Amino acid sequence: MKPEEIVTAVDGEILVAAPAGLDLVYGFASDLMSDVLHLVKPKTLLITGLVNVQSVRTAEMADLPAILFVRDKFPPPETLQLAKELGIAVMLSPYTMFETCGKLFQAGLRGQGRVYYVP
Amino acid sequence: MESLPARAERAITDKDARNIGRIEELSYELRISEVMTRNFLSVSPDLEMEQVLDLFRQVRISGAPVISEGEVVGILSIEDLIRCLREGNTRVPVTQYMTHQVVTVRAHDSVVEALKLFTQRQFGRLPVVDEAGKLVGIITKGDITRGVLKALESDYQTEEVRRYRASHLFEDIISDRSSLMLRYVIEPGNFVEGGQASSHIKRALLRLGASPQIARRCGIAVYEAEMNLIIHATNGGTITTEIEPHLINIQVVDDGPGIEDPALAMKPGFSTATERIRELGFGAGMGLPNIERCVDEMSLESALGIGTSLSMKIYLQPQESLEQWHYYFVSLGRWEKTRRATARTSGN
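If you read the protein sequences in the order shown, they are chains A and B. Per our numbering, residue 699 is the first one in the first sequence, and the count goes up by one each step. Per our numbering, residue 415 is the first one in the second sequence, and the count goes up by one each step.
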């Protein structure tokens, strides 16, 4: 899904534009960054309610090209600034995490499949 | 002219400015003087339209400023010539068909000023004047495109040269054992700058020619360790990364408070983080397990009241492929097991 299609699906808006040609297949939602770093595959949309700069750092480390913030939480300027510097797209959804994910799943964004917990 | 309002809306406003990409950034960085055409052709006001027609055809241009005694008095475009031809009135001076009210741009201004005019009004070219109002050049959309492409190319080349130099660093320098040390001091509690060291290390690795997979694993491991220093270490700590051609060796050291039970700290889900830390997105209890998963070797030593020392190693060549095979087989095995189980329950 292109960023434009994502924001249409969740009645959201684009806060930092994506590099041209960005097309996302997978989504991953969490508010805890270590969970993201543990499980997420590269090139996935990060859906989170965490709006501080660490959400962008996490995306940078895990090679995630785009972040969608939920619950209409507008990120602080330093978050947007860092995302812009790193070329990471930022979007905003007015719905809760659950509804945002539901709408995106319905619109065709896929999950990563079953997680195998390795103790 | 129905398309005019839509074009006008596309002009860059301050509201859009926060979403600009590199090309738009360049249109702010580049000066009009850097992209304009300096050797341009001009016509004098008393020239006949027929002569202009020949001139435009010969030099293959579609417009020119009209100059009288060094001053721009008008601008003549191909549209004016077409109008003149339709009226069959070619033996008149250019002053009869040229645009008299000339909009100019200043050489010192950003390219974006010219872009705004090109998008708001349907100009084909704009005369460029200096501070004193003297005509010094002409700018067209084509000049802007060429200028931006040239700047992008030079951006790209600079980055390529940097990358090339960095990736050949170890080949160029001969010693019995070469390595590159990167040291970072991490302040306690500094969440806003947290992750900067990891970001620098990851970028350095990519510059040095490491694969994106290696850079990602290393980035995640160091980032978790860096956030641990910020969250838990009383006085912060240091991250030392030693890069060798075949090995990345990372040491993360702090002087307290120390981990009570290092084995328990390694358990996925175990965390001593406060509610405040969790609100900041950390404390899932996956930090150390994450690090262990990302690196090839890891050792954690800690003593209460003394401090913690975390050592990580990532091998660059043969082990990388071995590990990938290992992961591949493990996931293949699991997949096969699930497939069989599903086949049994569904009766297929």
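By construction, the Cβ of each residue, glycine as well, lies at the ideal position given by its N, Cα and C atoms. Because the structure is a prediction, the values reported are computed rather than measured.
query: ALA757/A versus GLU689/B - alpha carbon distance; result: 23 angstroms
query: Rounded C-alpha distance that separates PRO682/B from ILE705/B; result: 11 angstroms
query: Per DSSP, cross-strand counterpart(s) of VAL751/A; result: DSSP, once it has assigned bridges, lists no residue as partnering VAL751/A.
query: Exposure of GLY502/B, with buried meaning 16 or more beta-carbon neighbours within 10 Å; result: exposed
query: Distance between beta carbons of GLY633/B and VAL599/B, contact taken as under 8 angstroms; result: About 19 angstroms separates the two Cβ atoms, so there is no contact after all.
query: Within-8 angstroms CB hit, TYR570/B to chain A; result: no
query: Cutoff 7 angstroms; reference GLY672/B; Cβ partners in own chain excluding five residues on either side; result: SER716, ALA717, LEU718, GLY719, ILE720, GLY721, THR722
query: Residues of the region 749-763 of chain A with Cβ closer than 8 angstroms to any Cβ of chain B, in chain order; result: ASN750, VAL751, GLN752, SER753, ARG755, THR756, GLU758, MET759, ALA760, ASP761
query: Spatial neighbours of ILE558/B in its chain, beta-carbon cut-off 7 angstroms, leaving aside the 5 residues before and after; result: VAL449, VAL525, ALA528, LEU529
query: Collapsed DSSP secondary structure at ARG471/B in the structure displayed; result: helix
query: 6 angstroms CB neighbourhood of GLN733/B in its chain, flanking five on each side removed; result: Caution applies to GLN733/B, whose pLDDT of 45 falls short of 50 and renders its modelled position unreliable; the value that the coordinates give is listed next. Within the same chain, GLN733/B has close Cβ partners ASP710.
query: Neighbourhood of GLU776/A by C-beta, 7 angstroms cutoff - its chain only, sequence neighbours within 5 removed; result: VAL751
query: For LEU802/A, the nearest candidate out of ASP733/A, LEU743/A, LEU778/A (CA to CA); result: LEU743/A
query: Whole-number beta carbon distance between ILE653/B and ILE728/B, since they are thought to touch under 8 angstroms; result: Actually they do not touch by this definition, with Cβ atoms about 14 angstroms apart.
query: Any C-beta of chain B under 8 angstroms from that of LEU766/A; result: no
query: Residue burial classification, VAL575/B (beta-carbon count within 10 angstroms, cutoff 16); result: exposed
query: Limits of the unbroken alpha helix (DSSP H) element including SER642/B; result: Checking the sequence, you will find Asn at residue 642/B rather than Ser. Note, ASN642/B: alpha helix (DSSP H), 626-646.
query: Whole alpha helix (DSSP H) elements within the region 514-538 of chain B, 4-residue minimum; result: 525-534
query: Short CB-CB distance (under 8 angstroms) between SER732/A and chain B; result: yes
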